[in-house]
Every structure is written in C-alpha cells, then in structure tokens.
Amino acid sequence: MTRKIDALLAEYGESHQNPVNKAVHWICVPMIVWTVLALLYALPVPALLAPLPYTNWLTPVLLLSLVYYLAVSWRLAIGVAIYAALCLWLINWVDANFSMPLWQVALMVFVLAWIGQFWGHKVEGKKPSFFKDMQFLLIGPVWLLGFLYRRVGIRY
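Residue numbering for the sequence shown follows our numbering, beginning at 1 and increasing consecutively.
This is how it looks when you write it as structure tokens:
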C-alpha cells in the first residue's frame, strides 16, 4: 500500500520532469516559502496582542502547516521546521537591515519567484500541480526536501 506522502510526491513529480523546470523549482520554491512567511510576519496584529512574543500571523499558520507535515511525514516535518527557522532568521535580518519595509521586499521576491515558476511550467508544458489541488502548494517544499533526504540516505 502506498503511503499518502509517496502518492503526493509522485503526483507532484508528474508535472516536474523537465530539468529546466526542476532547476527553476530549486530556486523559486524556497523563495516563495520565504516570502509567504515574511508576508505573514509583516501583517499587522491587533494592538492588544502586539507586545506578546511571537504574536503575528505567521505563528498560527506555521504551526498548522507543521501539523499537516507531521500528518504526512514526521521526518519531512523536521526538515520543514529547520527551513522555517532559517526563514525566520532571514526575515528578522531583512527587517532589521533593509531600508525598504519587509512586506515590500517579500512582495517583490514573491512576484519574481512566481514569474519564474510559471516560466518553468511553460518550459515543462504542464500546468502547476496546485491548479488541480491546492494541497500541492504545501507539497512543493517537501518534494525538494525528499530529494535532499534521499541523497543523504534519510528515510521519510
């Protein structure tokens, strides 16, 4: 019997066979993940909650995402959590060191990364998987992690 994660990764992989599209995904998917996290982090929160640590829109969305990843593969969820921690570090660094507001930086990167994604799929000749099922927006990052895990011999 095929595990759910294996079926999802295989289905996602069907529209990601072209080497150019794969290379584009290695660049753009991590950028898109970072931008979504950064945009959620930058959204204003109610004044009553603002003084509390980690009180932003990113926290509940990230926690719910990690619950989803835990449900499909706890080992991949660990990789996602590590990447999310790196993203949080970069979010804080950009927020502290750029003169442009974080949300503007994230929005520019988001648009450029999606242009890259759609170009990659044009080269592939297939629509992005999420046009079929929105769940595939969450599968893209673990599809890449799966490659890394297999390369270093980690079962997921």
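Each residue gets a CB set at the ideal place from its N, CA and C atoms; glycine is no exception.
Asked: Whole-Å CB distance - VAL29 paired with PRO141, under 8 Å assumed; Found: 6 Å
Asked: Straight-line Cα distance separating LEU40 from LEU49; Found: 15 Å
Asked: Per-residue DSSP class, three states only, for ARG155; Found: coil
Asked: Sequence-distant residues of the same chain with beta carbon closer than 7 Å to PHE98, five excluded per side; Found: VAL105
Asked: ARG221 - containing alpha helix (DSSP H), residue span; Found: A query on residue 221 cannot be resolved here, the shown segment of the chain reaching from 1 to 156 and no further.
Asked: Between the CA atoms of GLY146 and HIS25 - distance to the nearest angstrom; Found: 13 Å
Asked: Best match in LEU102, MET134, TRP143 and ILE154 for proximity to LEU43 [C-alpha to C-alpha]; Found: LEU102
Asked: Where MET31 sits in the DSSP three-state scheme; Found: helix
Asked: At least three beta-carbon pairs within less than 8 Å, the stretch 2-10 to the stretch 67-76; Found: yes
Asked: Length of the line joining the Cα atoms of GLY120 and PRO51; Found: 42 Å
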